[in-house]
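K.L.:
Could you have a look at this structure, given as structure tokens, before my questions?
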Amino acid sequence: MNKILILCAYLFPTLIFSQTKLDENVSVSFSGKTETYEHKEKNAIAKAYFFNSKEDSYVAMRVGALSNGVPDRKLPKDIAELKNIYQQVIAEQLKSMAKKGLFLKDSTQISVDKHIAYKLRFKGKDSEQEVGESLILYIEGITYVFIYSKVGSYSIDKKEKFFKSIRINTSSELQQISKPFSYSSALLKIVGSILFLFLLSRLIKLEKNRNKN
2 MNKILILCAY LFPTLIFSQT KLDENVSVSF SGKTETYEHK EKNAIAKAYF FNSKEDSYVA
62 MRVGALSNGV PDRKLPKDIA ELKNIYQQVI AEQLKSMAKK GLFLKDSTQI SVDKHIAYKL
122 RFKGKDSEQE VGESLILYIE GITYVFIYSK VGSYSIDKKE KFFKSIRINT SSELQQISKP
182 FSYSSALLKI VGSILFLFLL SRLIKLEKNR NKN
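For the record, in the sequence shown the residue sitting at position 118 is 119 according to my numbering, with numbers rising by one throughout.
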């Protein structure tokens, strides 16, 4: 990805006993100590919380577009434009997951608290066995990506517990589409959405280095 300016890459452990807030609208629960990475480029900013063990890996990412250094929250005009953004994000995630040895098993459009979202299941290179799952959610101009994947083992129960812990703020009317539509704004959102490819690649590299130890 061109012109990525890494302003900071920091790590700090925090023991999680309750919901981890990605922002004022979305939160999720982790079962242990999380680490956090944040990266910023000209047109996007991303933050990831992750927890890795010898058994499995959990990731929650938030990616937002920037315009002139400030958050750009303009929304697509209709469902078709929204789905186009999702397809851009999905395409980039498939590339990044393939680097980890995870390949698409199937993709399903789902509803998360009445919001359109996508669930992707992943398999190994030479097997149909499920080894990973992700949930992609786009609301209020922000892309959220949640990933559970195998390291040493794969637990359906742990996976379901992680995804069921996702909470969306229902006290306000969160939107996915709006009018009027700005094509320049949509382009910024696509750039912002695929930033998680870079961020996820960093996490994958970190995980591989740990597994070597």
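Think of the CB as a built atom: it goes at the ideal place given N, C-alpha and C, for glycine as much as any other residue. Small disclaimer: the values here were computed from a predicted structure and weren't measured.
So for F52, helix, strand or coil by DSSP?
P.N.:
strand
K.L.:
What is the rounded straight-line gap between the Cα of V113 and the Cα of I169?
P.N.:
8 Å
K.L.:
Please check the pair I140 and N26, which I expect to be a contact at CB under 8 Å, by giving their CB distance rounded to whole angstroms.
P.N.:
The pair is a contact, with the Cβ atoms about 7 Å apart (cut-off 8 Å).
K.L.:
When we look at the beta-carbon of Q94 and count the other beta-carbons within 10 Å, is it buried (16 or more) or exposed?
P.N.:
When all chains shown are included, Q94 counts as buried.
K.L.:
What is the rounded straight-line gap between the Cα of K55 and the Cα of G102?
P.N.:
17 Å
K.L.:
Do three or more CB pairs link the segment 63-71 to the segment 116-132 at distances below 8 Å?
P.N.:
no
K.L.:
Where does S150 fall in DSSP's three states?
P.N.:
strand
K.L.:
By Cβ distance, which residues of its chain are closer than 7 Å to Q177, with the 5 residues on each side in sequence left out?
P.N.:
The answer, listed in chain order, is L76, L83, H116, I117, Y139, I140.
K.L.:
Can you pull the DSSP bridge partners for P77?
P.N.:
Secondary-structure assignment with DSSP links P77 through no beta bridge to anything.
K.L.:
Are D57 and V152 close, meaning C-beta to C-beta below 7 Å?
P.N.:
Yes, the Cβ-Cβ distance between D57 and V152 is below 7 Å.
K.L.:
With distances taken between CB atoms, is the gap from G142 to R63 smaller than 7 Å?
P.N.:
no
K.L.:
Looking at the strands, I want to know which residues DSSP matches up with A61.
P.N.:
Y50, F147
K.L.:
When you compare only the Cα positions, how much space is there between I111 and I46?
P.N.:
26 Å
K.L.:
Tell me, which residues are paired with L23 by DSSP?
P.N.:
For L23, which the question treats as bridged, DSSP gives no partner whatsoever.
K.L.:
Bridge partners of S112, per DSSP?
P.N.:
The bridge partners DSSP lists for S112 are I117.
K.L.:
Going by CA-CA distance only, name the one from Y155, Y149, D79 that's closest to I167.
P.N.:
Y149
K.L.:
Mind checking who V71 pairs with in its DSSP beta bridge?
P.N.:
S68
K.L.:
Look at the alpha carbon of E133 and the alpha carbon of Y59, and state the distance between them as a whole number of angstroms.
P.N.:
Inspection of the sequence shows that residue 133 is occupied by Gly rather than by Glu. If I take the Cα positions, the gap works out to 10 Å.
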